[in-house]
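The numbers in the sequence shown follow my numbering, run straight up by one, and end at 97. All C-beta atoms, glycine included, are put in the ideal place defined by N, C-alpha and C. Please read these numbers as outputs of a predicted model, since none were measured by experiment.
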Amino acid sequence: ILASWNSFDIDMIKRFTTKKRSFHKALELWSYSYPFAIMNRIKLNDDKLHGLDDILRFLEIKRDNAHEALDDVRVEAKVLKQVTEFYQKNKVC
Numbered sequence: 005i006l007a008s009w010n011s012f013d014i015d016m017i018k019r020f021t022t023k024k025r026s027f028h029k030a031l032e033l034w035s036y037s038y039p040f041a042i043m044n045r046i047k048l049n050d051d052k053l054h055g056l057d058d059i060l061r062f063l064e065i066k067r068d069n070a071h072e073a074l075d076d077v078r079v080e081a082k083v084l085k086q087v088t089e090f091y092q093k094n095k096v097c
């Protein structure tokens with residue numbers, strides 16, 4: 005499973021990987037997390053940002069180096085795990 009925070013990342017990943025190998029699953033984490041934000045009444049930024057920092061704040065996930073690849077992967081994995089647990093607990097999916 006390949007996860008990313010927004011559709012731009014997914015488009016770039018597909019562009020650079022489809023000729024070499026095919027991923028059978030790709031998850032755009034923002035869309036996956038958006039219902040979570042609505043259900044928890046998390047106010048997301050209105051200035052064309054995707055709200056990762058808002059979700060991180062709500063989930064109390066510390067982010068050390070924004071936009072640094074390894075830190076992005078770490079925090080996005082934690083978001084995926086916690087949001088999935090929330091959905092399973094609340095029988096959302």
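Tell whether a beta-carbon distance below 7 Å holds between residue i and residue j.
| i | j | result |
| --- | --- | --- |
| GLN86 | LEU63 | yes |
| VAL79 | ILE65 | yes |
Let me know the secondary structure DSSP gives residue i once reduced to three states.
| i | result |
| --- | --- |
| TYR64 | Note on residue identity: the sequence assigns Glu, not Tyr, to residue 64. DSSP places GLU64 in coil when its eight states are reduced to three. |
| LEU31 | strand |
| GLU72 | coil |
| LYS93 | helix |
| LEU56 | helix |
| LEU84 | helix |
List the whole-angstrom C-beta distance separating residue i from residue j, where the pair is believed to meet the contact cut-off of C-beta under 8 Å.
| i | j | result |
| --- | --- | --- |
| VAL96 | PRO39 | 7 Å |
| ASN69 | ASP58 | Not confirmed; about 18 Å, so no contact. |
Exposed or buried, residue i, counting other C-beta atoms within 10 Å across all chains shown (16 or more means buried)?
| i | result |
| --- | --- |
| LEU74 | exposed |
| ILE42 | exposed |
| SER37 | buried |
| ILE5 | Confidence is the limiting factor: at ILE5 the pLDDT is only 49, short of 50, which leaves the residue's position unreliable and the question unanswerable from this model. |
Considering only heavy atoms of the ligand FAD, does any lie closer than 6 Å to the CB of residue i?
| i | result |
| --- | --- |
| GLU89 | The ligand FAD is absent from the structure shown, which contains no ligand whatsoever. |
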